[in-house]
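Peer 1:
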Amino acid sequence: MGSSMIFSSRRIVLKVFLFQFIALQSTYAAPSPIIRFPGDDTPRTDKEVALHYLNKFYGCPQDRCNLMVLKDTLKKMQKFFSLQETGEIDPKTVDIMKKPRCGVPDVANYQFFHRKPMWQKKDITYRILGYSPDLDEGVINDAFFRAFKVWSDVTPLTFERLMDGEADIMINFGRNVVKVKFGNADGEFCKFPFMFMGTEYKSCTAQGRDDGFLWCSTTYNFEEDGKYGFCPHELLFTIAGNAEGAACKFPFIFQGEKYDSCTTEGRDDGYRWCATTDNYDVDTSFGFCPETAMSTVGGNAEGSPCVFPFTFLGDTYEACTSSGRSDGKMWCSSSKSYDDDRKWGFCPDQGASTDKPLSPTQGPVTPMDICKEFLFRSVNFRSKPTGPMLVATYWPDLPIKIDAAYENPVEENTVFFAGNEVWVYKADALQSGYPKRLSSFGLPTDLAKIDSVFNFRKNRKTYMFAGDQFWRYNEDTKTMDDGFPKLIADSWNGLPDDIDSSFSLNGIDYSYFFKGNHYFKLEDSSLKIVKLGEITKDWLGC
Numbered sequence: 000m001g002s003s004m005i006f007s008s009r010r011i012v013l014k015v016f017l018f019q020f021i022a023l024q025s026t027y028a029a030p031s032p033i034i035r036f037p038g039d040d041t042p043r044t045d046k047e048v049a050l051h052y053l054n055k056f057y058g059c060p061q062d063r064c065n066l067m068v069l070k071d072t073l074k075k076m077q078k079f080f081s082l083q084e085t086g087e088i089d090p091k092t093v094d095i096m097k098k099p100r101c102g103v104p105d106v107a108n109y110q111f112f113h114r115k116p117m118w119q120k121k122d123i124t125y126r127i128l129g130y131s132p133d134l135d136e137g138v139i140n141d142a143f144f145r146a147f148k149v150w151s152d153v154t155p156l157t158f159e160r161l162m163d164g165e166a167d168i169m170i171n172f173g174r175n176v177v178k179v180k181f182g183n184a185d186g187e188f189c190k191f192p193f194m195f196m197g198t199e200y201k202s203c204t205a206q207g208r209d210d211g212f213l214w215c216s217t218t219y220n221f222e223e224d225g226k227y228g229f230c231p232h233e234l235l236f237t238i239a240g241n242a243e244g245a246a247c248k249f250p251f252i253f254q255g256e257k258y259d260s261c262t263t264e265g266r267d268d269g270y271r272w273c274a275t276t277d278n279y280d281v282d283t284s285f286g287f288c289p290e291t292a293m294s295t296v297g298g299n300a301e302g303s304p305c306v307f308p309f310t311f312l313g314d315t316y317e318a319c320t321s322s323g324r325s326d327g328k329m330w331c332s333s334s335k336s337y338d339d340d341r342k343w344g345f346c347p348d349q350g351a352s353t354d355k356p357l358s359p360t361q362g363p364v365t366p367m368d369i370c371k372e373f374l375f376r377s378v379n380f381r382s383k384p385t386g387p388m389l390v391a392t393y394w395p396d397l398p399i400k401i402d403a404a405y406e407n408p409v410e411e412n413t414v415f416f417a418g419n420e421v422w423v424y425k426a427d428a429l430q431s432g433y434p435k436r437l438s439s440f441g442l443p444t445d446l447a448k449i450d451s452v453f454n455f456r457k458n459r460k461t462y463m464f465a466g467d468q469f470w471r472y473n474e475d476t477k478t479m480d481d482g483f484p485k486l487i488a489d490s491w492n493g494l495p496d497d498i499d500s501s502f503s504l505n506g507i508d509y510s511y512f513f514k515g516n517h518y519f520k521l522e523d524s525s526l527k528i529v530k531l532g533e534i535t536k537d538w539l540g541c
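FYI, numbering that gives the first Met the number 0 numbers position 535 of the sequence shown as 534, with every residue one higher than the one before it.
1. With V306 as the anchor, note down where its beta strand (DSSP E) starts and where it stops.
2. Is the separation between the beta-carbon of F483 and that of S500 shorter than 8 angstroms?
3. Report the three-state DSSP secondary structure of L73 (helix, strand or coil).
4. Just grab the DSSP bridge partners of I168 for me.
5. Between which two residues does the beta strand (DSSP E) harbouring E199 extend?
6. So N412 packs on Y424, CB below 8 angstroms; how close in whole Å?
7. Just how far apart, CA to CA, sit L134 and Y125?
8. Please state whether DSSP places T461 in a helix, a strand or coil.
9. Reducing DSSP to helix, strand and coil, say where C230 ends up.
10. Could you tell me which of K400, L526 and L437 sits nearest to R456, measuring between CA atoms?
11. In angstroms, rounded to a whole number, what distance separates the CA positions of A205 and V529?
12. Is M123 near L161, with beta carbons less than 8 angstroms apart?
13. Mapping the DSSP letters down to three states, classify D314 as helix, strand or coil.
14. For E533, which residues in the same chain have their Cβ closer than 8 angstroms to its Cβ, ignoring the five residues on either side in sequence?
15. Quick check: the Cα distance between F285 and S303, rounded to an integer number of angstroms?
16. Can you check whether the CB of I95 is closer than 8 angstroms to the CB of A49?
17. Checking 8 angstroms against the spacing of the C-beta atoms, do D450 and F440 come in under that value?
18. Among L521, Y509 and D402, whose alpha-carbon lies nearest the alpha-carbon of L466?
19. Taking its Cβ as the centre, do 16 or more other Cβ atoms sit within 10 Å of P192, making it buried, or is it exposed?
20. Take every Cβ of the stretch 273 to 282, pair it with every Cβ of the stretch 238 to 255, and state whether three or more of those distances are shorter than 8 angstroms.
21. Should G207 and T217 be called a contact, given that it needs their Cβ atoms to be closer than 8 angstroms?
22. How many angstroms separate the CA atom of I170 from the CA atom of N220?
23. Which ranges does the alpha helix (DSSP H) cover as unbroken runs of at least 4 residues, wholly within the stretch 264 to 289, from first to last along the chain?
24. Assign I543 to one of three DSSP states: helix, strand, or coil.
25. Taking all protein chains shown into account, do 16 or more other C-beta atoms lie within 10 angstroms of the C-beta of R114, making it buried, or fewer, making it exposed?
26. Quick check: S503 and F453, are their CB atoms within less than 8 angstroms of each other?
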């Protein structure tokens, strides 16, 4: 028993001695107070820094990321940062590797997928095909502009918005529509724009058919894929009602009257309906007309369907068009001739807005320096303007020579300046009481004329230029702002005096000023001139 206790005591003493010895040895082996926690692989040596960096940003698997394999990659990294291309780990290279990155490091060689080449293109274009009815168009334009700016601020990428044609990024908004069994695409949704017989279509069309049914491609190129479907149409089917989806029957009788198209008569909710037999009064069979392809939104057609083909300013259109509009929205006539009936509406799913629809005859009217009795009309800043056209063709009451013109965004009128007088038109109708003197805008009574005028989309105020001065007009209060006129040179850095013309387009962050054979491109957000170009080359395609 005694020997047992002695043995136990010796074991305790031995354990204490071993513990002290191990602790002492550990102290000498690891004097650093830094502890590497599980999962903490922070590189410490230059070699570890290089391996970690090249593994993370150049896609080489960790277990095969030896320096021999990555020597060429290291040279590429050094070339990107304008370092000496040694392929060796030197202090300058390591310093670059240790610097913090904004977003995506080493973008010149960045790869999302192992062994997949990066997209070499750095100048990216995008196009907004349509808008959501739930948000204001300006809000959507600004959201995409700022979103892309987040990328362009920290990468070599640049983003440019296209108003027509095919862009790298095509943006659209949509909604669920009734999937129908007609066509060969198994109810797939339309794809806009699509190509058919060499023409680009931005909405459903009856082109190529002799029955008048509207159809669309369900891929971007019908000529290659041959996939199509019929767009919802009352002659194909109806929705709800009591006819189990049967198509409309035209003409039909309702309360003794004959109807050749869907109607809202007899309803207080505005829904369009039709009878599915010859006589509703006898059979009471009806259905609601589809509201996705044929029916218009906004405008003055009260939801009536598009009619194709239709005539607008003497030209024939087989599908929805943006002609005559400055905002690029697609519209159609609800009769065979807009020129005769003036009935129109926005095509559905094309970003229609019912708040303040423009008349299709409105557009960016820009009398340039070529000749002041002519005008050039452009749908957007990338398309070649049409013209020259005589101003008198559209507004015969105007003087032969026009000094300036702009579109009032509040009342959606077109305002013309000639000499010391002002004309205001709603579409092609001269408003009551016009022409008036320039002084009716709060301008000096002795001012002989205005050189140029435009509504600045940044603050929705109208700027009027004359000589070396300018005024700022508030369209909401219809008053001139206090403190004006001011000198152009003091507020518009880089702009010359005696400007010939100016305008600002919806959806882009630029305004344009014209003088002589040149134009100045102003970035609205910074108020800086970003380009001086030639009118004939960049605008007229000469």
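Backbone N, C-alpha and C define an ideal beta-carbon position, used for all residues, glycine too.
Peer 2: From the atom records:
1. Segment: none, V306 is in no beta strand (DSSP E) and carries neither H nor E.
2. Result no, Cβ atoms of F483 and S500 do not sit closer than 8 angstroms.
3. In the three-state reduction of the DSSP assignment, L73 falls in the helix class.
4. Per DSSP, Y125.
5. In this chain, the beta strand (DSSP E) harbouring E199 covers T198 to Y200.
6. Between the beta-carbon of N412 and that of Y424 there is about 6 angstroms, and that keeps the pair under the 8 angstroms contact cut.
7. For L134 and Y125, the distance between alpha carbons rounds to 19 angstroms.
8. The three-state reading of DSSP puts T461 in strand, counting E and B together.
9. Three-state result, C230: coil.
10. Here the closest residue by C-alpha is L526.
11. The straight-line gap from Cα to Cα measures roughly 44 angstroms.
12. Reading off the sequence, residue 123 comes out as Ile, not Met. Cβ distance not < 8 angstroms, so I123 and L161 don't count as in contact.
13. Secondary structure at D314: strand, using DSSP grouped into helix, strand and coil.
14. Within the same chain, E533 has close Cβ partners N516, H517 and Y518.
15. Cα-Cα distance, rounded: 18 angstroms.
16. In this structure, A49 keeps its C-beta atom at 8 angstroms or more from the C-beta atom of I95.
17. In this structure, F440 does not lie closer than 8 angstroms to D450 by Cβ.
18. The sequence as given places Gly at residue 466; Leu does not occur at that position. For the residues L521, Y509 and D402, the minimum Cα distance to G466 belongs to D402.
19. It counts as buried.
20. Contact between the stretch 273 to 282 and the stretch 238 to 255 is established, with three or more Cβ pairs separated by less than 8 angstroms.
21. No, the pair does not count as a contact, with Cβ atoms beyond the cut-off.
22. A straight line joining the alpha-carbon of I170 with that of N220 spans about 17 angstroms.
23. The qualifying runs are 279 to 282.
24. Residue 543 lies beyond the residue range present for the chain, which begins at 0 and ends at 541; the question has no answer from this structure.
25. In this prediction, R114 scores a pLDDT of 40, lower than 50, which makes its location untrustworthy; no coordinate-derived value is stated.
26. Closer than 8 angstroms, so yes.
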